[in-house]
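A.B. asks: Using our numbering, the letters of the sequence shown map in sequence onto residues 4 to 331. Just dropping this structure here.
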Amino acid sequence: MRHFCRLGLLFVAVSFAIAETHSYRYELKTGCNEPRYAAEIPFDSGGPRFDIETDAKGRIVRVSTYENGNKIKETIYHYEGGASRVTDADFYLAGELTTTVRVERNTKGSVVRDDYLTRDGNRTGYFTCEYSGDRVEATSFNLAGKPVDHWTFFFSQDVVVREIHTPDDKTSIEVTYSSNTGQVQSRKQYQNGILTSHNSFTYDSNGSLLREDIYDSNDRWFAAKEYADELRIREIYKFLNGGTQETRTTYDAKRFATEATFSWNDRLICTFKFDRFSNGVLKRTLAVGPNGDLYAEYPDHYVDKVNRNGTALDDIKGTVIYKQGNWW
Numbered sequence: 004m005r006h007f008c009r010l011g012l013l014f015v016a017v018s019f020a021i022a023e024t025h026s027y028r029y030e031l032k033t034g035c036n037e038p039r040y041a042a043e044i045p046f047d048s049g050g051p052r053f054d055i056e057t058d059a060k061g062r063i064v065r066v067s068t069y070e071n072g073n074k075i076k077e078t079i080y081h082y083e084g085g086a087s088r089v090t091d092a093d094f095y096l097a098g099e100l101t102t103t104v105r106v107e108r109n110t111k112g113s114v115v116r117d118d119y120l121t122r123d124g125n126r127t128g129y130f131t132c133e134y135s136g137d138r139v140e141a142t143s144f145n146l147a148g149k150p151v152d153h154w155t156f157f158f159s160q161d162v163v164v165r166e167i168h169t170p171d172d173k174t175s176i177e178v179t180y181s182s183n184t185g186q187v188q189s190r191k192q193y194q195n196g197i198l199t200s201h202n203s204f205t206y207d208s209n210g211s212l213l214r215e216d217i218y219d220s221n222d223r224w225f226a227a228k229e230y231a232d233e234l235r236i237r238e239i240y241k242f243l244n245g246g247t248q249e250t251r252t253t254y255d256a257k258r259f260a261t262e263a264t265f266s267w268n269d270r271l272i273c274t275f276k277f278d279r280f281s282n283g284v285l286k287r288t289l290a291v292g293p294n295g296d297l298y299a300e301y302p303d304h305y306v307d308k309v310n311r312n313g314t315a316l317d318d319i320k321g322t323v324i325y326k327q328g329n330w331w
């Protein structure tokens, strides 16, 4: 399957003689290449399910994504002038068109750029891919054309098995995936090349992510993330000094995070509010204090936890801190 950065757009190459629909359990991560699905299942299966509809030419024309029987996303694919590869795709969330992605390919047919547009055709950013052997360098850009995030994808038989995410000059996050299911197997975070944490993942029998446990470089457990219907709803930390930290996130009908409460030792510090374009692409995160005062603005990035002085954990250029000094 093809992955379009934060929105997770996936395509797959299949060959059917007639128009038909098949359901699959897993979506395999393929960076900027054509995606794949794995493990065909019955239409009424619980947990994650991907219904893939193809036309008489074997081209995917619709993908409906389900979680425990509830449709959470639908994607319609278009092929300009009878092309064999997708030229653009429309995303529907909660039954509403939210995003159109236009695909630009090189002479080999590989995707080199995706442009994200609102339902009204206004561009909100783009994503580029550069190919080198068994890896792809992928970068996301904001509306002004400034780079926001960078990934390096590593492949085995056209499926991503490892990626390195570098959100800033000091931080790198290494993630490994199963080539059979696409599920995350491990996550390691480094600061200036030094390992600071590593994560393990728990899935239910249907393949839905339930929990993520986080350990420090000495293998001491200190944090966990909890999920419901594949959405992260709670994140907790317990530090060596006895302090505790918690983030609770709420979502709208389209499954976009709308806000996250951030607490330290059970005391509310601030609420992060996520300002988005109509297609869900993030404009900025706002930190608002318990009394409604604006504490900070973080452009182009999702922020749901901060250092004590209000700075984001990653180095976000353009951050504006209104509440000076320590926040707790």
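The beta carbon of each residue, even a glycine, is placed where N, CA and C say it ideally should be. Nothing here was measured: the structure is a model prediction, and the numbers come from that model.
Whole angstroms are fine: how far does the CA of D207 sit from the CA of R28?
C.D. replies: 13 Å
A.B. asks: Do you know how far the Cα of T33 is from the Cα of V2?
C.D. replies: The chain is shown from 4 up to 331; residue 2 falls before or after that span and cannot be answered.
A.B. asks: Check whether the Cβ of A42 sits closer than 8 Å to any heavy atom of the ligand ATP, and report yes or no.
C.D. replies: Judged by which ligands are present, the structure shown has none, so any question about the ligand ATP falls away.
A.B. asks: Would you mind working out which of F157, T274, S143 and E37 sits nearest V178, comparing C-alpha positions?
C.D. replies: F157
A.B. asks: Measure the C-alpha to C-alpha separation of R9 and N221 and round it to an integer number of angstroms.
C.D. replies: Because the pLDDT at R9 is just 34, under 50, the model does not fix this residue reliably, and the value given afterwards should be weighed accordingly. Spanning the two alpha carbons is a distance of roughly 31 Å.
A.B. asks: What residue range is occupied by the uninterrupted beta strand (DSSP E) comprising C132?
C.D. replies: In the DSSP annotation of this structure, the continuous segment of the beta strand (DSSP E) that includes C132 starts and ends at R126 to S135.
A.B. asks: So R251 and T264 are supposed to be a Cβ contact under 8 Å. How far apart are they, rounded?
C.D. replies: About 5 Å separates the two Cβ atoms, so the contact holds.
A.B. asks: Using the beta-carbon count (16 or more within 10 Å), is G283 buried or exposed?
C.D. replies: The residue is buried, with at least 16 neighbouring Cβ atoms inside 10 Å.
A.B. asks: Rounded C-beta distance between D118 and R105? I'm assuming under 8 Å.
C.D. replies: 5 Å
A.B. asks: How about R52 and S87: do their beta carbons lie closer than 9 Å?
C.D. replies: Not closer than 9 Å, so no.
A.B. asks: Among residues of its own chain, excluding the 5 on either side of Y301, which ones have a beta-carbon nearer than 7 Å to its beta-carbon?
C.D. replies: Excluding residues within five positions, the ones whose Cβ falls inside 7 Å are R287, T288, A315, I319 and T322.
A.B. asks: Please confirm whether I239 and A226 have their CB atoms less than 9 Å apart.
C.D. replies: yes
A.B. asks: Apart from the five residues on each side of it in sequence, which residues of its chain come closer than 6 Å, Cβ to Cβ, to A290?
C.D. replies: Once the five neighbours on either side are set aside, the close Cβ partners of A290 are C273, F275, Y298 and A299.
A.B. asks: Would DSSP call E83 helix, strand or coil?
C.D. replies: helix
A.B. asks: Taking just the CA atoms, how far does D54 sit from K149?
C.D. replies: 36 Å
A.B. asks: Could you tell me the distance, in whole angstroms, from the CA atom of R190 to the CA atom of T205?
C.D. replies: 13 Å
A.B. asks: Just to confirm, are N209 and N71 a CB contact at a threshold of 9 Å?
C.D. replies: Against a cut-off of 9 Å, the Cβ pair of N71 and N209 comes out as a contact.
A.B. asks: Looking at the structure shown, is V162 part of a helix, part of a strand, or coil, going by DSSP?
C.D. replies: strand
A.B. asks: On the three-state DSSP scale, how would you describe W331?
C.D. replies: coil
A.B. asks: By the DSSP assignment, the beta strand (DSSP E) with N202 in it spans what residues?
C.D. replies: I197 to Y206
A.B. asks: Less than 6 Å between C-beta atoms, sequence neighbours within five positions excluded: which residues of the same chain meet that for F19?
C.D. replies: For F19, the predicted model reports a pLDDT of 39, less than 50, meaning its position is unreliable and no value from the coordinates is stated.
A.B. asks: In whole angstroms, give me the CA-to-CA distance for S159 and T127.
C.D. replies: 32 Å
A.B. asks: Taking the CB atoms as reference points, tell me whether D317 and T155 lie closer together than 9 Å.
C.D. replies: In this structure, D317 keeps its C-beta atom at 9 Å or more from the C-beta atom of T155.
A.B. asks: Quick check: the Cα distance between D171 and R138, rounded to an integer number of angstroms?
C.D. replies: 20 Å
A.B. asks: Taking the alpha-carbon of N312 as reference, which of Q327, H304, F94 and Y305 has the nearest alpha-carbon?
C.D. replies: Q327
A.B. asks: Beta-carbon within less than 8 Å of R214's beta-carbon, same chain only, minus the 5 sequence neighbours each way: which residues are those?
C.D. replies: F204, T205, A227, K228, E229 and Y230
A.B. asks: Provide the residue span of the beta strand (DSSP E) that contains C273, from first to last.
C.D. replies: R270 to R279
A.B. asks: Run through DSSP, which three-state label would L31 get?
C.D. replies: Strand.
A.B. asks: Which whole runs of the beta strand (DSSP E) in the stretch 73 to 122 are 3 residues long or more, in chain order?
C.D. replies: 73 to 81, 91 to 96, 99 to 108 and 114 to 120
A.B. asks: Please classify I217: is it buried, with 16 or more other beta-carbons within 10 angstroms of its beta-carbon, or exposed?
C.D. replies: Burial check for I217: the Cβ neighbour count within 10 Å reaches 16 or more, so the residue is buried.
A.B. asks: The beta strand (DSSP E) that contains P45, what's its start and end?
C.D. replies: Here P45 belongs to no beta strand (DSSP E), and DSSP marks it neither H nor E.
A.B. asks: Just to confirm before moving on: does the CB-CB distance between E340 and V89 stay below 9 Å?
C.D. replies: Past the boundaries of the shown model lies residue 340; the chain is included only from 4 to 331, so the question cannot be answered.
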